[in-house]
Amino acid sequence: MLFKTLNIDPEKEERIINAATQIFAKNGYRNASTNAIVKEAKISKGILFHYFNSKKDLYVSLYEHLSDLFTEKIYERIDWNERDIFVTIRAVTLIKFELFAVYPHLINFLTSAFLEEAPEVKDDIEQIKAKMVENSFAKLFTDMDTSKFKEGVDVKKSIQIIYWTFEGIANQQQQKAKTLSVEEINQEEVLAEIDSYIELLKASFYQ
Numbered sequence: 004m005l006f007k008t009l010n011i012d013p014e015k016e017e018r019i020i021n022a023a024t025q026i027f028a029k030n031g032y033r034n035a036s037t038n039a040i041v042k043e044a045k046i047s048k049g050i051l052f053h054y055f056n057s058k059k060d061l062y063v064s065l066y067e068h069l070s071d072l073f074t075e076k077i078y079e080r081i082d083w084n085e086r087d088i089f090v091t092i093r094a095v096t097l098i099k100f101e102l103f104a105v106y107p108h109l110i111n112f113l114t115s116a117f118l119e120e121a122p123e124v125k126d127d128i129e130q131i132k133a134k135m136v137e138n139s140f141a142k143l144f145t146d147m148d149t150s151k152f153k154e155g156v157d158v159k160k161s162i163q164i165i166y167w168t169f170e171g172i173a174n175q176q177q178q179k180a181k182t183l184s185v186e187e188i189n190q191e192e193v194l195a196e197i198d199s200y201i202e203l204l205k206a207s208f209y210q
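Numbering (my numbering), first residue to last: 4 to 210.
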């Protein structure tokens, strides 16, 4: 169930989102208390469960809502005239760092959800993430400039390999977040790693 379909009063919705984001990010799904969420949001438990059938329903809805919001923020900032896949990937990384600073609780929640092991929600989160990755790939990389690729290279497979490589780097960074907060991640180190992979992949696929 998406937040946008619930017809919640906007001010009340913002309080629920902010409270649930902070409580779930700090405690994880299993240890998060709906009592703590309603207290932080300054609403009654009856109101919370009027909109959401269960803690799981709230958690999954919040993950889908914030994933969509995060993706929209990236799309707002991306240069859609840029058609070099490596320039686009690097730009997306820089945009993500910018968003880390602007929306730290959102990023902490999404990272926490990505690492969540609770069986009640794990499959739902993985399905939403897989769909988001597929949609992002299609939107960002279907109109790339293919003239730079080596003759005889399977461009579609090459782009998939490039994307999977940087998805793997992103997943590694999220794994690091088990012990580091978003603020503690060394951005220059991450960019240097990305640049090294860009050079390696360019040598493999570009003329």
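Glycine is no exception: its CB is placed at the ideal position from the N, C-alpha and C atoms.
* **Distance between Glu170 and Ile92 (C-alpha atoms, nearest Å)** => 10 Å
* the segment 74-84 in contact with the segment 47-60 per 3-pair CB rule at 8 Å -> no
* Asked: Measuring CA to CA, which of Glu101, Val90, Val63 is closest to Phe144?
  -> Val90
* To do: Counting only runs of 3+ residues fully inside the segment 45-125, write out the beta strand (DSSP E) ranges in chain order.
  => none
* What's the C-alpha gap between Ile164 and Lys48? -> 47 Å
* C-alpha gap between Ala35 and Asp12, whole angstroms -> 24 Å
* In angstroms, rounded to a whole number, what distance separates the CA positions of Phe100 and Gln210? -> 30 Å
* To do: Would you kindly report the start and end of the unbroken alpha helix (DSSP H) that includes Val193?
  => 190-208
* Backbone CA spacing between Glu67 and Ile19 [nearest angstrom] -> 15 Å
* Asked: What are the start and end residues of the alpha helix (DSSP H) that includes Ala28?
  -> 13-34
* Look at the alpha carbon of Glu191 and the alpha carbon of Leu97, and state the distance between them as a whole number of angstroms. => 10 Å
* If you drop the 5 nearest sequence neighbours on each side, which residues of the same chain put their C-beta closer than 8 Å to that of Gly256? -> Within the shown structure, residues of the chain are numbered from 4 to 210, placing residue 256 beyond reach of any answer.
* To do: Look at the Cβ atom of Phe112, then the Cβ atom of Ile128, and state whether they are nearer than 9 Å.
  => no
* Residues of its chain near Met147, where Cβ-Cβ distance is below 8 Å and the 5 sequence neighbours each way are ignored -> Arg86, Asp87, Ile88, Thr91, Ile162
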